[in-house]
Amino acid sequence: MRILVSGASIAGPVLAYWLTRHGFDVTVVERAPALRKTGGHAVDLFRPAMDITEKMGVLPRVAAVATGTTRMTLHREGNPRPLRVDLAKVFQATSDRHVEVMRDDLSEIYYEAGRDDVEYLFGDSITAISPDGEVTFEHAPARRFDVVVGADGLHSNVRRLVFGEEAGLTTFIGAYLAVLSLPDTLGLDGEAVTHLGPGRTASLYSAGHLDDARAVFLFRRDEPLEYHHRDVSRQQQLLRAAFSGMHPQVDGWLAELDGPGPFYFDSITQLRLDRWSRGRVTLVGDAGYCPGPAVGGSTSLAVLGAYVLAGELAAANGDHERAFAAYEREMGELVRRSRAFAIGAARSLIPASRAGVWALARGGQLVSALPAGLTRAIAKLNTGGVRMHDSMQVKDYAVKAVA
Ligand SMILES: Cc1cc2nc3c(=O)[nH]c(=O)nc-3n(C[C@H](O)[C@H](O)[C@H](O)COP(=O)(O)OP(=O)(O)OC[C@H]3O[C@@H](n4cnc5c(N)ncnc54)[C@H](O)[C@@H]3O)c2cc1C
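Residue numbers are given in full-length UniProt numbering: position 38 of the sequence shown equals residue 38, and the series is strictly consecutive.
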């Protein structure tokens with residue numbers, strides 16, 4: 001049985017790995033000419049995704065490239081006294097098993113775990129998918145597949161081809177996100193520097209094995225801003241307008257917008273599809289159920305979704321109708337909880353008011369001061385909140401080759 005996956009970032013390689021373990025023939029098509037290794041940002045793996053990564057035998061490799069950010073200097077806008085936050089304790093409160101890692105490192109590790117058994121087509125993209133599984137590409141000759149999976153991110157090409165234009169399917173949740181790579185002039189070693197003010201948050205971090213640093217900017221807007229997704233200079237202008245004057249350090253980071261470092265800008269958008277399968281096509285990861293980048297634990301959800309989809313296809317012996325229905329059933333509740341979590345996280349990570357800034361900073365201080373066991377015990381009382389990701393249950397799918 002032949003399965004085509006579009007996208008080789010997180011969901012795509014994890015799905016390809018598990019599909020081949022279950023005995024399927026897998027091709028992955030990736031638009032980029034090679035795996036991305038520049039720019040990028042840190043992502044989180046929480047317990048369920050850590051467990052799946054362990055089953056893939058690559059957990060030690062992931063742990064070896066963890067960002068290792070365990071401390072934060074927190075500046076509150078207008079307040080000259082920075083606070084020290086123990087991020088290790090914050091992470092311990094949110095998850096029993098968590099690692100923060102650069103997305104591109106994680107992608108490479110997942111890709112290498114399965115690449116010997118998977119056909120990868122880089123530098124290509126699907127142009128059409130017919131109901132009987134005939135697929136045309138920009139470059140490769142047309143081929144027929146039994147199942148096609150879109151693992152091609154929030155702005156998914158497969159979703160557009162099969163479900164129509166994005167409009168109406170994505171919901172702006174009131175915030176913007178930008179990431180900029182810049183020289184690590186602060187010599188950050190396990191430390192992040194954050195500036196927090198009403199409606200805006202800017203943070204700088206690095207990782208032991210990186211030569212440079214990443215500045216992450218999050219800011220609120222009630223209404224979507226007007227810009228074209230390819231108009232980088234307009235995006236940079238909007239970012240400057242949102243952050244200039246916040247603090248001399250932040251102004252210094254913004255000055256790097258004129259430098260050569262990779263730059264990313266997007267709205268924090270949530271996908272609200274109730275179903276993400278149609279015919280022999282389904283979606284996985286951000287393509288199907290992105291709760292909002294940077295606020296909803298979407299990387300863990302992508303890993304989980306990929307594992308569940310492969311498992312359900314195997315359990316249904318390749319019957320995609322049964323498998324997709326079971327996959328959507330298994331993921332439905334987790335996706336709904338992740339969406340609710342993301343909206344709450346966007347509100348608290350980018351507080352609207354001075355009172356909100358105070359509450360967030362105070363929370364960080366409290367967690368830093370309490371013994372880790374106590375904070376964890378308090379956090380455990382609320383599985384719909386900070387420990388939502390850890391509370392996700394994953395079925396154990398036996399690995400058996402499909403007939
Ligand atoms: C700035 C930023 C910060 C983030 N911070 C966090 C965080 O702190 N914690 C967290 O858990 N998550 C975070 N995320 C989200 C995280 O990156 C995603 O949830 C995760 O990467 C989802 O993986 P994915 O494989 O579903 O999609 P993506 O990582 O988006 O990958 C999609 C892949 O599809 C490829 N593709 C696109 N179009 C085509 C096409 N036409 N044909 C073939 N291939 C195509 C792309 O090149 C890419 O390789 C952040 C995201 C962003 C953008």
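Quick reminder that beta carbons are idealized off the backbone N, C-alpha and C, glycines included.
Residue environment, residue i, which counts as buried when at least 16 other CB atoms sit within 10 Å
i    : result
V399 : exposed
A352 : exposed
G164 : exposed
H229 : exposed
Q270 : buried
D390 : buried
G7   : buried
L45  : buried
E119 : exposed
T185 : exposed
K395 : exposed
P183 : exposed
E223 : exposed
Q235 : buried
Given residue i as reference, the closest of the options once Cα atoms are compared
i    : options                   : result
G123 : L239, R84 and R36         : R36
L106 : I343, V303 and L87        : V303
G261 : A306, A88, L271 and V179  : V179
R81  : M331, V295, A326 and H195 : H195
R272 : A93, G364, V28 and R337   : R337
G332 : R347, L301, A355 and A346 : L301
A241 : G199, V162, T70 and V43   : G199
S160 : T127, F91 and A140        : In the sequence as presented, Ser is not what sits at residue 160; that position holds Arg. The residue with the shortest Cα to Cα distance from R160 is T127.
R275 : S267, Y264, L254 and Y289 : Y289
G40  : F265, Q365 and I343       : F265
R71  : V65, T53, V90 and D319    : V90
heavy atom of ligand 1 below 7 angstroms from residue i C-beta
i    : result
R31  : yes
T299 : yes
R76  : no
H41  : yes
L307 : It is Tyr, not Leu, that sits at residue 307 in the sequence shown. Outside the cutoff, so no.
L154 : yes
D390 : no
L180 : no
G12  : yes
R103 : yes
A294 : yes
G7   : yes
L177 : yes
N79  : no
Below-8 angstroms beta-carbon distance, residue i vs any chain C residue
i   : result
E30 : This model lacks chain C altogether, as it is built from one protein chain only.
CB contact flag (residue i, residue j, <8 angstroms)
i    : j    : result
R387 : S95  : yes
A213 : L177 : no
V162 : R278 : yes
L238 : Y227 : yes
I173 : A342 : yes
F263 : L254 : no
Distance cut-off 7 angstroms: residue i Cβ against heavy atoms of ligand 3
i    : result
Y110 : Judged by which ligands are present, ligand 3 is missing from the structure shown, whose ligands are ligand 1.
Should the segment 152-160 be regarded as contacting the segment 245-258, the criterion being three or more beta carbon pairs within less than 8 angstroms? Flag = no, the segment 152-160 and the segment 245-258 do not touch.
Does the count of Cβ pairs from the segment 203-219 and the segment 297-315 closer than 8 angstroms reach three? In this structure the segment 203-219 does not touch the segment 297-315; the number of beta carbon pairs closer than 8 angstroms is below three.
Quick check: the segment 119-135 against the segment 25-34, are there 3 or more CB pairs under 8 angstroms? Contact between the segment 119-135 and the segment 25-34 is present, because at least three Cβ pairs lie under 8 angstroms.
The segment 275-286 / the segment 2-21 touching (three or more Cβ pairs under 8 angstroms): Enough Cβ pairs lie closer than 8 angstroms, so yes.
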